[in-house]
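Novice: Each step along the sequence shown adds one to the number in the working numbering, with nothing skipped, and position 39 is 48.
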Amino acid sequence: MQADYSKMIDPLKLDSLAKVAVKVGLGLEKGQDLVLTAPIVALPFVRRIVAEAYKAGAGVITPIFSDEELTIARFHHASDMSFDRAADWLYEGMAKAYTNGAARLAVSSNNPLLLAGEDPARVARLNKATSIAYQPALEKISGFHINWNIVSYPAPAWASLVFPDLSIVEATRALAEAIFAASRVDNDDPIAAWADHNRQLKKRSTWLNDQRFSAMHFSGPGTDLTIGLADDHEWQSGASIARNGITCNPNIPTEEVFTTPHAYRVEGYVRSTKPLSHQGTLIDGISVRFEKGRVVETYAAKGEAVLNELLDTDEGARRLGEVALVPDSSPISASRLLFYNTLFDENAACHIAFGQCYSKCFRDGVSLNAEEIASRGGNRSFVHVDWMIGSDSIDIDGIRADGSRVFVFRKGEWAI
């Protein structure tokens, strides 16, 4: 019988995290349905979330579970043609639920290196098939048509990767405490702590919006990158108001302020500062070069084949959909932990994302259609993959339309 490692996790803090996910992350409204996805290992946490959601007045909650052993079984036993297919009917159903007003919550806790030993070509094919099938649902999420949230649970396999020198019991407990700290639930009033944190992030995004920069220039070891910003872009942070009028915090945790780059105005080269865990594969030592917004040269010390397959998903995968600013002194960075999980690692460093942009990151973005977003420089893709480029050696300048520059970051910290 498999051990129940959930008993190693502080139940009161786990209850608190569930409450934060529902009240801060989702801002769930009375009568609102909820689509909830999670790996089966996170069931103890999912039960708490469901209880909190029903207490908040949820209508119907539909959980959809995955399982790592089932995923591996596919790679070991399925026919080759299986890797070009995905359950499009499922994602169409999810998109219909969102169209009808449902919220979306995802629990992240999978083993980040689950597929590291599998055929990279098959991994890439399955990722592409899933991304294409997921598009109807992703459009509702990336377009902020709905309130949505991602939150994490400390599964043992993930914990052992983050804390390799600890026993599996000690590692699970340590990862739980790290998640609680990053998610601001290790204090007396997590809801108030999130309200204060959102106010601080809002000050940063407001300052950036007041500057009306036309581009951001990143410089440091292995990096000399100018990212043009989309026309009528708007910096966002922390809490966001979805098109349905509900305020949500899409990511728990979050330390970033972010906006949309111009898909055709990115020039130069950039090097990653942290590994990227993507769909069960670790990609490390990434270096890319852009011309006219498009990646034209790539390198990765590890996982290069998977990186190239990702960039070949579609035309938009080689262009940027997001640029985000995170100080090196953020709590997640200060922990000096590598989480092997983008939700956490992206909030330890400035980052950029290949692929789909967020329509929310435009002035009056909620009223723009796909063609209008594209005309302003917004990128379109089946994928959206963040990777980290910030460190205590990175400087960032904001560039105005007249070419004048303003210090934004120096040595990885806000200069304002």
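The beta-carbon is built from N, C-alpha and C at its ideal position, and this holds for glycine as well. A quick note: this is a predicted structure, and the numbers were derived from the prediction, not measured.
If you draw a straight line from the alpha carbon of G325 to that of V59, how long is it in whole angstroms?
Specialist: Cα to Cα, G325 sits roughly 36 Å from V59.
Novice: Flag this pair as yes or no: are the beta carbons of E313 and H360 separated by less than 9 Å?
Specialist: The answer is no: Cβ separation not under 9 Å.
Novice: Can you give me the C-alpha to C-alpha distance between H271 and A383, rounded to a whole angstrom?
Specialist: Whole-angstrom Cα-Cα distance: 9 Å.
Novice: Report the three-state DSSP secondary structure of H85 (helix, strand or coil).
Specialist: H85: helix per DSSP, three-state reduction.
Novice: Assuming R280 and P340 are in contact, meaning their beta carbons sit under 8 Å apart, how far apart are those beta carbons, in whole angstroms?
Specialist: Not confirmed; about 24 Å, so no contact.
Novice: Just verifying my parser: in three-state terms, what is the DSSP assignment at N388?
Specialist: N388 falls in the coil class under three-state DSSP.
Novice: At the level of alpha carbons, what is the spacing between H206 and D89?
Specialist: Cα-Cα distance, rounded: 48 Å.
Novice: Quick one: Cα of A168 to Cα of Y367, how far?
Specialist: About 31 Å.
Novice: In terms of residue numbering, what span does the alpha helix (DSSP H) encompassing H206 cover?
Specialist: Segment P199 to Q220, the alpha helix (DSSP H) holding H206.
Novice: In its own chain, which residues sit with a C-beta less than 6 Å from the C-beta of D19, not counting the 5 before and 5 after it?
Specialist: Within the same chain, D19 has no close Cβ partners at all.
Novice: Give the secondary structure of P20 by DSSP, where H, G and I count as helix, E and B as strand, and everything else as coil.
Specialist: Residue state, collapsed to three classes: helix.
Novice: Contact check, T269 vs L124 under 8 Å by CB: the rounded distance?
Specialist: Contact flag wrong, Cβ pair sits at about 30 Å.
Novice: Can you check which of these residues, T232, G34, N218 and L319, is closest to E243 by C-alpha distance?
Specialist: Looking at the Cα atoms, N218 is the closest of the given residues.
Novice: Would DSSP call D406 helix, strand or coil?
Specialist: Of the three classes helix, strand and coil, the one that applies to D406 here is strand, per DSSP.
Novice: Should T351 be labelled buried (16 or more other beta-carbon atoms within 10 Å of its own) or exposed?
Specialist: So T351 counts as buried.
Novice: Excluding the 5 residues flanking L184 on each side, which residues of the same chain have their C-beta closer than 6 Å to its C-beta?
Specialist: The residues are P163, A168 and V171.
Novice: Would you say the segment 72 to 82 touches the segment 42 to 49, given that touching needs at least three Cβ pairs under 8 Å?
Specialist: Verdict: yes, contact present.
Novice: Count the C-beta pairs between the segment 144 to 157 and the segment 187 to 202 that are closer than 8 Å, then say yes if the count reaches three, no if not.
Specialist: Verdict: no, contact absent.
Novice: Kindly identify the DSSP beta-bridge partner or partners of H226.
Specialist: BP columns for H226 point to T235 and D406.
Novice: Under 9 Å between the Cβ atoms of R328 and V304?
Specialist: Cβ atoms of R328 and V304: closer than 9 Å.
Novice: Please classify H85: is it buried, with 16 or more other beta-carbons within 10 angstroms of its beta-carbon, or exposed?
Specialist: Flag for H85 reads exposed.
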